[in-house]
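Here the working numbering = 1-based position in the first sequence + 2. By construction, the Cβ of each residue, glycine as well, lies at the ideal position given by its N, Cα and C atoms. Since we're looking at a predicted model, the values are computed, not measured. So the structure is just underneath, and the comments pick up after that.
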Amino acid sequence: MSSPCLSSILTNANLTMYQTGLPDIPPQQLHALPTIHTLENRSHWYKQISPHQWTAEHVLEWISDHVERTKFDASTLSLDFCSIDGPNLCRMNQEEMTAVFGPQLGPHLYQSLEEYKTKYVQRIKTFLFSNVYDVCSGGTFNFMSSPESGSSESDPEFYPVSSEYSGTLGLAFWSYGTVEVRHGKRIRPRGRPPKVNRGHSSSIYDNPKKNKHAPRGTHLWEFIRDILIHPEKNQGLMKWEDRREGVFKFLKSEAVAQMWGQKKKNTSMTYEKLSRAMRYYYKREILERVDGRRLVYKFGKNSSGWKTEEIGSGIGGVSL
DNA sequence: ATTACATTTCCTGATT
DNA sequence: CAATCAGGAAATGTAA
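And the structure:
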């Protein structure tokens, strides 16, 4: 019945916390974070906690949720999965998942589980971001990138924004799996740090070498670009007007809009709305204006990944 | 909690 | 006339 301490929660989320001279955050201060002990009586509450904490019953509830939603015929399932609990479930890879749940439901469940894991990590991030500072008696902290980078605060290569923002920046490094909490002297500026001077000074956000796993391109212009450069997946939706210059045209505008909507889980997407987003790209020079020609656009200097050379040499696109 | 960013939504008016 | 293009303004969702 003991409440989990912060480090155990981080462990559940596959995160590690390095501490320098700080006590762990008292368990009673962690009430804002739902745990297995606080949500027992709600239905579907498994959604609130880490899949690593699910019991066999919660796994069952999760599965039946999916069976219901996908109208899958559950009678064809073997009953092997009845005894799988959270930790074991999380240990399964896609193949094992498919072996147990079949080729239709398996991959579905696998993807769903990944989403729940990610969601939980996000939840912890948000929790810590809003609570850690207050929890430890008025102290302020800086989240640092890694234990070994001693004076990283003064390293402009590493920290592209003012050091006041090191707290927030450090959180960005959570994707690397580690975070260090240590005493800081400054007041944390509130809110998201503004985007810094793009251009010559390098940044973890725009340097693909340092930003090892940059977030996968989810932007509209990248979506459009990917349709264009994958003719096999492109069922006559778009075509190049001038491959070299990056001029392209929508052939089935509404169909593309529907696909975009599908990607963003938005069934009401239309070309009308998609095109408004496209027009916003002119100012940012991701697209260039092509006037007089309906449904025709042109990639601008702030877009990338569409030139034949770029594709060949495997250079990743810069996401803005 | 608070902010930045990238759309999304809606709309009025102009063109094709 | 229908489909697009142009942007302004405000709303939204998500991530930092």
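**Request:** Would you kindly work out how many angstroms separate the C-alpha atoms of Thr-57 and Asp-87, rounded to a whole number?
**Result:** Against the first sequence, residue 57 aligns to sequence position 55. Against the first sequence, residue 87 aligns to sequence position 85. If I take the Cα positions, the gap works out to 5 Å.
**Request:** Pull up the CB-CB distance for Gln-287 and Asn-304, whole angstroms please, since I reckon it's below 8 Å.
**Result:** As a working note, residue 287 is residue 285 in the first sequence. As a working note, residue 304 is residue 302 in the first sequence. The amino acid at residue 287 is misidentified as Gln; the sequence shows Glu. Sure, about 5 Å apart at Cβ, within 8 Å.
**Asked** Along the chain, where does the alpha helix (DSSP H) that runs through Trp-242 open and close?
**Response** Locating residue 242 in the first sequence gives position 240, where the first residue counts as 1. Note, Trp-242: premise wrong, no alpha helix (DSSP H); beta strand (DSSP E) at 240 to 244.
**Prompt:** Run through DSSP, which three-state label would Lys-121 get?
**Reply:** Translated into the one-based positions of the first sequence, residue 121 becomes position 119. DSSP places Lys-121 in helix when its eight states are reduced to three.
**Prompt:** Could you check where the alpha helix (DSSP H) with Tyr-299 kicks off and where it finishes?
**Reply:** Start at 1 with the first residue of the first sequence, and residue 299 comes out as number 297. No alpha helix (DSSP H) contains Tyr-299, which is instead part of the beta strand (DSSP E) from 298 to 301.
**Prompt:** Skipping 5 residues on each side, what residues in its chain have a beta carbon closer than 6 Å to that of Val-249?
**Reply:** Position 247 of the first sequence, counted from the start, is the residue given in the question as residue 249. Excluding positions up to five away in sequence, the list reads Glu-243 and Lys-300.
**Prompt:** Under the three-state reduction of DSSP, which class applies to His-33: helix, strand or coil?
**Reply:** Taking the first residue of the first sequence as 1, we reach residue 33 at position 31. Residue placement at His-33 is flagged as unreliable, the pLDDT there being 41, under the threshold of 50; the coordinate-derived value follows with that caveat. The answer is coil: DSSP assigns His-33 none of H, G, I, E or B.
**Message:** Relative to the C-alpha of Val-298, which candidate in Glu-63, Ile-313, Glu-70 and Ser-277 has its C-alpha closest?
**Reply:** Taking the first residue of the first sequence as 1, we reach residue 298 at position 296. When only C-alpha atoms are compared, the closest one is Ser-277.
**Asked** Helix, strand or coil: how does DSSP classify Phe-252 here?
**Response** Indexing the first sequence from 1 puts residue 252 at position 250. Reduced to three states, the DSSP call for Phe-252 is strand.
**Request:** Pull up the distance between the alpha-carbon of Ala-76 and that of Gly-108, whole angstroms please.
**Result:** For the purposes of this step, residue 76 is taken as residue 74 along the first sequence, with counting starting at 1. For the purposes of this step, residue 108 is taken as residue 106 along the first sequence, with counting starting at 1. Straight-line Cα distance between these residues: approximately 12 Å.
**Message:** Looking only at its chain, what residues have a beta carbon closer than 6 Å to the beta carbon of Leu-91, apart from the 5 residues adjacent to it on each side?
**Reply:** The residue you call residue 91 lines up with position 89 of the first sequence. Same-chain partners within the cutoff: Val-61.
**Message:** Taking the straight line between their C-alpha atoms, what separation do you get for Arg-295 and Gln-113?
**Reply:** Counting from 1 along the first sequence, the entry for residue 295 is found at position 293. Counting from 1 along the first sequence, the entry for residue 113 is found at position 111. Between Arg-295 and Gln-113, the C-alpha separation is close to 41 Å.
**Prompt:** Going by the CB atoms, is the gap between Tyr-48 and Glu-63 shorter than 7 Å?
**Reply:** In the first sequence, residue 63 corresponds to position 61, counting from 1. In the first sequence, residue 48 corresponds to position 46, counting from 1. The answer is yes: Cβ separation under 7 Å.
**Asked** Between Glu-312, Ser-52, His-54 and Leu-81, which lies nearest to Ser-66 when the distance is taken from Cα to Cα?
**Response** On the first sequence, position 64 is the one that residue 66 refers to. Among Glu-312, Ser-52, His-54 and Leu-81, the Cα nearest to that of Ser-66 is on Leu-81.
**Prompt:** In whole angstroms, what is the alpha-carbon distance linking Glu-117 and Asp-293?
**Reply:** In the first sequence, the residue the question calls residue 117 occupies position 115. In the first sequence, the residue the question calls residue 293 occupies position 291. Distance between the alpha carbons of Glu-117 and Asp-293: 42 Å.
**Prompt:** Cα-Cα, which of Ala-101, Arg-93, His-54 and His-110 is closest to Lys-73?
**Reply:** By 1-based counting over the first sequence, the position of residue 73 is 71. Closest by alpha carbon: His-110.
**Prompt:** How many Å lie between Arg-246 and Lys-235 at the Cα?
**Reply:** As a working mapping, residue 246 is identified with position 244 in the first sequence. As a working mapping, residue 235 is identified with position 233 in the first sequence. Rounded to the nearest angstrom, the two C-alpha atoms are 21 Å apart.
**Message:** Suppose the cutoff is 7 Å on Cβ atoms and the five residues either side in sequence are ignored; what does the same chain contact list for Lys-254 look like?
**Reply:** Within the first sequence, the letter at position 252 stands for residue 254. For Lys-254, where only same-chain residues beyond five positions count, the Cβ hits under 7 Å are Gly-238 and Leu-239.
**Prompt:** From Gln-260, Lys-285 and Tyr-284, pick the residue whose C-alpha is nearest to that of Lys-275; which is it?
**Reply:** What you label residue 275 is simply residue 273 of the first sequence in a count that begins at 1. Checked all of Gln-260, Lys-285 and Tyr-284; the closest Cα to Lys-275 is Gln-260.
**Request:** Have a look at Met-99 and Arg-227 and give me their C-alpha separation to the nearest angstrom.
**Result:** Looking up residue 99 in the first sequence gives position 97. Looking up residue 227 in the first sequence gives position 225. Rounded to whole angstroms, Met-99 to Arg-227 spans 33 Å at the Cα level.
**Request:** Would you identify the three-state DSSP class for Leu-79, choosing helix, strand or coil?
**Result:** As a first step, residue 79 must be located in the first sequence, where it is residue number 77. In this structure, Leu-79 counts as coil in the three-state DSSP scheme.
**Message:** With DSSP as the reference, identify every bridge partner of Leu-289, one or two as the case may be.
**Reply:** To locate residue 289, count along the first sequence from 1; it is residue 287. DSSP output for Leu-289 lists Phe-301 as bridge partner(s).
**Message:** Using the three-state DSSP reduction, which class does Phe-225 fall into: helix, strand or coil?
**Reply:** Stepping through the first sequence from its first residue, residue 225 is reached at position 223. Residue state, collapsed to three classes: helix.
**Cβ neighbours of Glu-311 in the same chain (closer than 7 Å, five flanking residues each side left out)** = Here residue 311 refers to the residue found at position 309 when the first sequence is read from its first residue. Result list for Glu-311: empty, nothing under 7 Å.
**Item:** 8 Å CB neighbourhood of Cys-84 in its chain, flanking five on each side removed
**Value:** The residue you call residue 84 lines up with position 82 of the first sequence. Cβ within range, chain order: Ala-58 and Leu-62.
**Request:** Could you work out which residue in Ser-52, Met-94, Phe-103 and Pro-105 is closest to Lys-121 when comparing CA atoms only?
**Result:** Residue numbering aside, residue 121 sits at position 119 when the first sequence is read from its first letter. The shortest Cα separation from Lys-121 among Ser-52, Met-94, Phe-103 and Pro-105 belongs to Ser-52.
**Prompt:** Where does His-232 fall in DSSP's three states?
**Reply:** For the purposes of this step, residue 232 is identified with residue 230 of the first sequence, where counting begins at 1. It is coil, neither helix nor strand.
**Prompt:** Between which two residues does the alpha helix (DSSP H) containing Ile-65 stretch?
**Reply:** What you label residue 65 is simply residue 63 of the first sequence in a count that begins at 1. 58 to 71 is the extent of the alpha helix (DSSP H) around Ile-65.
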